[in-house]
Amino acid sequence: MSDLESLSAQILEFYEKLSSWEHAVARDSPLTLPQTHVLEVLGQHPPLRMKELAAKMGVTTGTLTVVVDRLERLDMVARTPNEADRRSVLVTLTERGRALFEEHHKHHLDLARDLFAALSEDETRVFAGILRKLNMAF
C-alpha cells in the first residue's frame with residue numbers, strides 16, 4: 001500500500017469514527033443532525049444570509065429553508081431583515097438556540113480534549129497547523 005493509500009485509509013477510518021461519535025451525541029439531542037449543524041455554523045459566525053449559510057453547510061437554499069423553518073418553529077433561530085440588503089434576511093440564533101449550541105459545542109471540546117490527550121503539546125501544535133492548511137485547501 002502506498003503512503004497516499006495508507007493516508008486515505010486513515011482519513012476514512014477517522015471520518016467513520018467521528019461520524020459515529022457525532023451520531024451518538026445527536027441521539028441525546030432534540031434536534032436532527034442537519035439542524036444541529038445549522039446551530040454549529042450560526043454559533044461560530046455572525047448572523048448569516050440564507051445563501052451564505054447554505055454555502056457553509058454545503059446544501060442548497062431550498063434544502064436549508066426546510067431545516068431553518070423547523071428550527072424557527074422550535075425557537076432555535078430567528079430570521080431578521082438584513083439592513084444592508086432589504087431583499088434578504090439574516091438567520092441568527094435565539095437565546096434557546098445559543099444555549100443548545102453551547103451545550104453541543106462543549107461535547108466537541110470534550111472530544112478534542114480526549115483525542116489530543118494521546119498527543120504531546122508539540123504534536124498537537126503540528127497537527128493543528130496541518131489541519132489549518134488542509135482546511136484552507138478546501
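Numbering (UniProt numbering), first residue to last: 1 to 138.
Quick reminder that beta carbons are idealized off the backbone N, C-alpha and C, glycines included.
Note that the structure is predicted; figures quoted are calculated from it, not measured.
The C-beta distance from residue 81 to residue 89 rounds to 6 Å, short enough to meet the 8 Å contact threshold.
Among the bridge pairs identified by DSSP, residue 78 is matched with 92. Distance between residue 1 and residue 8, taken at the CA atoms: about 11 Å. Under the three-state reduction of DSSP output, residue 86 falls in the coil class, being neither helix nor strand. With 16 or more other CB atoms across the displayed protein chains lying within 10 angstroms of its CB, residue 76 is buried.
Collapsing the DSSP output to three states places residue 134 in a helix. Proximity to residue 44 across 126, 133, 119 and 97 peaks at 97, based on C-alpha coordinates. The criterion of a C-beta distance shorter than 8 Å is not satisfied by residue 93 and residue 18. By a beta-carbon distance limit of 8 Å, residue 29 contacts residue 104. Their separation comes to about 7 Å.
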